[in-house]
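Trainee: Here you go, one structure.
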Amino acid sequence: MIDYLSLALYGVPLVYVSTKVVSYLVWYFTTLNAAKRFGASSPIPAVAVYTPRSSTIIWLSSPYFAPFFEALPFGWGHWFKYVRMDFDWWYKCLHRTELKSDVFWTVGPGGPTLIVSDADVVTEIAHRWKDFSKQTKPYRSLAVFGPNVVTSEGSTWQRHRKITSPPFNEKNSSLVFADSIAHGKAMIASFTTDAEGNKSVPGDEPVVEDLLHWTMTVTLHVLSGAAFSLSMPWPTKSIATSSAHSTEEVTAQSTFKITQKHTMSFQQSLDKLMEYLMYIILFPSWFLRNSPIPILRKMQDCADEFRTYMSELIADHQNSESSRGDLLGSIVKATTIDEKATWTEEETIGNIFVFILAGHETTASTLQSAIILLACYPEYQQQVQSEIDSIWSTKKEGEELTYDDYPKMRFIVALMLETLRAYPPLNLLPKHATDAQTFTYRGQTVYVPPNTDISIAIVSTQHNPLYWGPDPWEFRPSRWLMPPGYLPPPNTSNEAPAQDNILCPPKGAFLAFSAGFRACLGKKFAQVEFCTLIAVLLKEYSVELVREGKDEKWEEARDKAMAKMFDRTSSIAVRMNEKVRVRFVRRGSERFPVRA
Ligand code: HEM
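In terms of my numbering, the sequence shown has 410 at position 366, counting the first letter as 1, and numbering is strictly consecutive.
Structure below.
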């Protein structure tokens, strides 16, 4: 007799699971075969891959799986190298030697993906933004506080961009400059004093254990000033040796006091928001708020606090007559004039949040990389300091740097551009073609089928010998310094408009700030901030590597530091996996070998 209960209990789920497995396998093999057939018919090379396209989980976990695939015999796992999210960084652009092409397909289940590191193709794709739109899926979670310019596409993006670009103006840049001076001074003071606040003996300054933590702190402070006119104070005691600072101490000095409505200061909410960001982005707010785990509830508290502070700041800016030129003030003003009826407070908060997010870790990791590179290349550090000395030599007693000094920072800008070229904080720009398209690659027309994912590979493009010469993996700031009277050739893009005679690379060859219509809004902001901070940090101090043990030679310390510079993984931005310890020592007491 048929046991209907067992049939229902086991049979129905079994049929359901079997149907799902079969339909997945059908989808897997039909799309894989179709993609392979397409790849074989295309004029550019194609590599077959066997993991589903657009799988975020595989993409994120690919660096951890890579050693397993690499260990497989007979090169069976070789294809996985092309799936690894940082493939061009990790395998030093292996497609260039293996496929002999700067544009190629990976063809696998789900369809083909186009990988691009040719400047002309990049330019074509970046400028045809309606045909090759930004993939917004990877960014969707960044709309956690509201829709914004990073997460939107099409006409919504145009509307956001119209409101959010004007605030990045010269008035805001001079504000960034002034805030960077103030925070740079506070930072170097705290790096060079002992725990009691006494000046350290030259050459015996404290070790900075967690450089990224402090570059993240300084960039967050500058952002708070330039975005909201909020001053975030530094702790007065030495901070170098720890990666935590007393929030009580800084809260007491903050310009934004805790009111009855709040359980934490603005600085605490912002600091914690950045610390817990991954979880706040990944998990829905209802889940975090109602979780039995206290730390998850605390994460949601930080997000709620941030939102409440932002509403208060918006109201404050709406009621204020004068403007200091901060980003929030400009957005509030623009939306009152232009978009009163349709623009929401949520959109203002969403955009301010995304400015903090986009401008925080990118700038901080660039600063971190540059400081380590200067410690590894003392000859470049000397050039930076000569430039700083020559800017100061024109000053009278008691005079301070002003925004007019920014265009004089030529070598420092070259240092930033070379750091961004060699170690870009983001390694790809995801695009998508919804409809069928074509593009031109070296005179050939290449067909792009509908629903194609495109990866503009920043590392490969910025290490392409066609544009960067025979030594693209070499860190060499001087490649950006052009002789007086330099005239940029046609079809180049100007990367540093404020400085004279800086290399203008071929259009589409330098992508650290992206290119085309969706290029970075905060490029000038980041350049002014970086240059000013470097000028302040290295005026009276030099940065040097900390050797492990008395017997370690400087060259050994340098080789280890450079190996760590290469060892990076992508999260929101590309991060170094290991820390490099440095020390800021008074000029003249350095222990690195090359001093002419
Ligand atoms: C060294 C520092 C920086 C780097 C390397 C950088 C890089 C980039 C890149 C590559 C993109 C394009 C992302 C994509 O399309 O997928 C981008 C977009 C953006 N960046 Fe930056 N960025 C930096 C600093 C900043 C700062 C300081 C701000 C603001 C304060 C900022 C605001 C933005 C915004 C709003 C966008 C979106 C533009 C749009 O989609 O229309 N960035 N940035």
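Here a beta-carbon is modelled for each residue, glycine too, at the ideal position from N, C-alpha and C. These numbers were taken from a predicted model, which means no experiment stands behind them.
1) Check each candidate in I159, P117, D146 and name the one with the smallest Cα separation from A128.
2) Figure out for me which residue from F628, L143, S537, G154 has the closest Cα to the Cα of K583.
3) Is T167 near the ligand HEM, with its Cβ less than 7 Å from a heavy atom?
4) Using the Cα positions of F109 and T613, report the straight-line distance between them to the nearest angstrom.
5) Is the Cβ-Cβ distance between A402 and G552 less than 8 Å?
6) Can you list, in chain order, the residues of its chain whose CB lies under 6 Å from that of T167, leaving out five sequence neighbours each side?
7) Quick check: what's the CA-CA separation for L186 versus S234?
8) Give a single yes or no on whether G269 has its beta carbon closer than 7 Å to a heavy atom of the ligand HEM.
9) Who are the Cβ neighbours of D132 in its own chain at under 6 Å, not counting the five residues just before and after it?
10) At what residue ranges does the segment 302-382 contain a whole run of the alpha helix (DSSP H), taking only runs of 4 or more?
11) Any heavy atom of the ligand HEM closer than 7 Å to the Cβ of F569?
12) I need the boundaries of the beta strand (DSSP E) containing Q488, first residue and last residue.
13) Can you look up S199 in the DSSP assignment and give me helix, strand or coil?
14) Can you grab the Cα-Cα spacing for the pair A84 / I101, in whole Å?
15) Go ahead and pull the three-state DSSP assignment for D603.
16) If you compare alpha carbons, which of D238, D146, I578 is closest to I445?
17) So what's S286 in DSSP terms, helix, strand or just coil?
18) Might you give, ordered along the chain, the residues of its own chain that have their beta carbon closer than 6 Å to the beta carbon of A466, omitting 5 neighbours on each side?
19) Which residues bound the beta strand (DSSP E) around W123?
20) Any idea which residues DSSP pairs D497 with across the strands?
21) Have a look at M606, T74, S177 and flag the residue whose alpha-carbon is nearest the alpha-carbon of W517.
22) Going by DSSP, which residues form a beta bridge with Y485?
23) Helix, strand or coil for L547? Go by DSSP, reduced to three states.
24) Taking only three categories from DSSP, how would you classify V624?
25) What whole-angstrom Cβ distance do T263 and H122 have, given they're in contact under 8 Å?
26) Judging by CA-CA distance, which residue of P468, A359, S430, G190 is the nearest neighbour of F397?
27) Specify whether the segment 348-357 and the segment 248-264 touch according to this definition: at least 3 beta carbon pairs, one from each stretch, less than 8 Å apart.
28) Consult DSSP for K178 and reduce its assignment to one of helix, strand or coil.
29) Given a threshold of 16 other Cβ atoms within 10 Å of its Cβ, counted over all protein chains shown, does W71 qualify as buried or as exposed?
30) Decide if S67 is buried, meaning its Cβ has at least 16 other Cβ atoms within 10 Å, or exposed.
31) Measuring only the C-alpha atoms, how far is E240 from R333?
32) Rounded to whole angstroms, what's the CA-CA distance from P117 to S106? Just pull it up for me.
33) Are three or more beta carbon pairs between the segment 519-529 and the segment 457-464 nearer than 8 Å?
34) Can you say whether K316 is buried or exposed, counting buried as having 16 or more other CB atoms within 10 angstroms of its CB?
35) S275 to A222, Cα distance in whole Å?
36) Tell me whether Y491 is buried or exposed, calling it buried when 16 or more other Cβ atoms sit within 10 Å of its Cβ.
Mentor: Concretely, from the data shown:
1) As a first step, residue 128 is located in the sequence shown; it is residue number 84 there, counting from the start. First, the amino acid is wrong: residue 128 is Arg here, not Ala. Of the candidates I159, P117, D146, the one whose C-alpha sits nearest the C-alpha of R128 is I159.
2) For the purposes of this step, residue 583 is taken as the residue at position 539 of the sequence shown. Checked all of F628, L143, S537, G154; the closest Cα to K583 is F628.
3) Stepping through the sequence shown from its first residue, residue 167 is reached at position 123. When distances are taken from the beta-carbon of T167 to the heavy atoms of the ligand HEM, even the shortest one reaches 7 Å or more.
4) For the purposes of this step, residue 109 is identified with residue 65 of the sequence shown, where counting begins at 1. For the purposes of this step, residue 613 is identified with residue 569 of the sequence shown, where counting begins at 1. F109 and T613: Cα-Cα distance of roughly 13 Å.
5) Sequence index remark: in the sequence shown, residue 402 carries index 358 (1-based). Sequence index remark: in the sequence shown, residue 552 carries index 508 (1-based). No; because the gap between Cβ atoms is not below 8 Å, this pair is not in contact.
6) Working through the sequence shown from its first residue, we reach residue 167 at position 123. Only K551, G552 meet the Cβ criterion.
7) In the sequence shown, residue 186 corresponds to position 142, counting from 1. In the sequence shown, residue 234 corresponds to position 190, counting from 1. The alpha-carbon atoms of L186 and S234 are separated by roughly 34 Å.
8) In the sequence shown, counting from the first residue as 1, residue 269 sits at position 225. Not so, every heavy atom of the ligand HEM lies at least 7 Å from the Cβ.
9) As a position in the sequence shown, residue 132 is number 88, starting the count at 1. For D132, where only same-chain residues beyond five positions count, the Cβ hits under 6 Å are A501, V503, S504.
10) Listed in chain order, they are 310-319, 321-326, 329-333, 338-363, 371-381.
11) Looking up residue 569 in the sequence shown gives position 525. Answer for F569: yes, Cβ within range of the ligand HEM.
12) Position 444 of the sequence shown, counted from the first residue, corresponds to residue 488. Here the beta strand (DSSP E) through Q488 covers 488-492.
13) Within the sequence shown, residue 199 is the residue found at index 155, counting from 1. Correct three-state label for S199: helix.
14) Residue numbering aside, residue 84 sits at position 40 when the sequence shown is read from its first letter. Residue numbering aside, residue 101 sits at position 57 when the sequence shown is read from its first letter. Each residue's alpha carbon lies about 28 Å from the other.
15) For the purposes of this step, residue 603 is taken as the residue at position 559 of the sequence shown. Helix, per DSSP.
16) Along the sequence shown, read from residue 1 onward, the residue named residue 445 stands at position 401. The residue asked about is misnamed: residue 445 is Leu in this sequence, not Ile. Answer by Cα proximity: I578.
17) For this step, residue 286 is matched to residue 242 along the sequence shown. Low confidence applies here, because S286 scores a pLDDT of 49, under 50, leaving its location unreliable; read the following figure in that light. Correct three-state label for S286: coil.
18) Looking up residue 466 in the sequence shown gives position 422. Cβ within range, chain order: F519.
19) As a working mapping, residue 123 is identified with position 79 in the sequence shown. Counting along the chain, W123 falls outside any beta strand (DSSP E), and DSSP gives it neither H nor E.
20) By one-based count along the sequence shown, residue 497 stands at place 453. Its beta-bridge partners are T157, H476.
21) Residue 517 sits at position 473 when you count from the first residue of the sequence shown. Out of M606, T74, S177, M606 has the C-alpha closest to the C-alpha of W517.
22) Position 441 of the sequence shown, counting from 1, holds the residue named residue 485. Beta-bridge pairing by DSSP links Y485 to Q488.
23) In the sequence shown, counting from the first residue as 1, residue 547 sits at position 503. Note: L547 maps to coil in three-state DSSP.
24) Along the sequence shown, read from residue 1 onward, the residue named residue 624 stands at position 580. V624 falls in the coil class under three-state DSSP.
25) Here the question's residue 263 lines up with position 219 in the sequence shown. Here the question's residue 122 lines up with position 78 in the sequence shown. Between H122 and T263 the Cβ distance is about 40 Å, and since that is not below 8 Å, they are no contact.
26) Taking the first residue of the sequence shown as position 1, residue 397 is located at position 353. For the residues P468, A359, S430, G190, the minimum Cα distance to F397 belongs to G190.
27) Contact annotation: the segment 348-357 does not touch the segment 248-264, with fewer than three C-beta pairs closer than 8 Å.
28) To locate residue 178, count along the sequence shown from 1; it is residue 134. Strand, per DSSP.
29) Mapped onto the sequence shown, residue 71 falls at position 27. With fewer than 16 Cβ atoms within 10 Å of its Cβ, W71 is classed as exposed.
30) As a working mapping, residue 67 is identified with position 23 in the sequence shown. S67 is classed as exposed because its beta carbon has fewer than 16 other beta carbons within 10 Å across all chains shown.
31) Numbered from its first residue, the sequence shown carries residue 240 at position 196. Numbered from its first residue, the sequence shown carries residue 333 at position 289. Taking the straight line joining both Cα atoms gives about 40 Å.
32) Counting from one through the sequence shown, the residue named residue 117 turns up at place 73. Counting from one through the sequence shown, the residue named residue 106 turns up at place 62. In a straight line, the C-alpha of P117 is about 19 Å away from that of S106.
33) As far as the Cβ criterion goes, the segment 519-529 touches the segment 457-464, which means the pair count is three or higher.
34) For the purposes of this step, residue 316 is taken as the residue at position 272 of the sequence shown. Burial call: buried.
35) Along the sequence shown, read from residue 1 onward, the residue named residue 275 stands at position 231. Along the sequence shown, read from residue 1 onward, the residue named residue 222 stands at position 178. Looking at the two C-alpha atoms, the distance is approximately 12 Å.
36) What you label residue 491 is simply residue 447 of the sequence shown in a count that begins at 1. Counting Cβ neighbours within 10 Å, Y491 comes out exposed, since fewer than 16 surround it.
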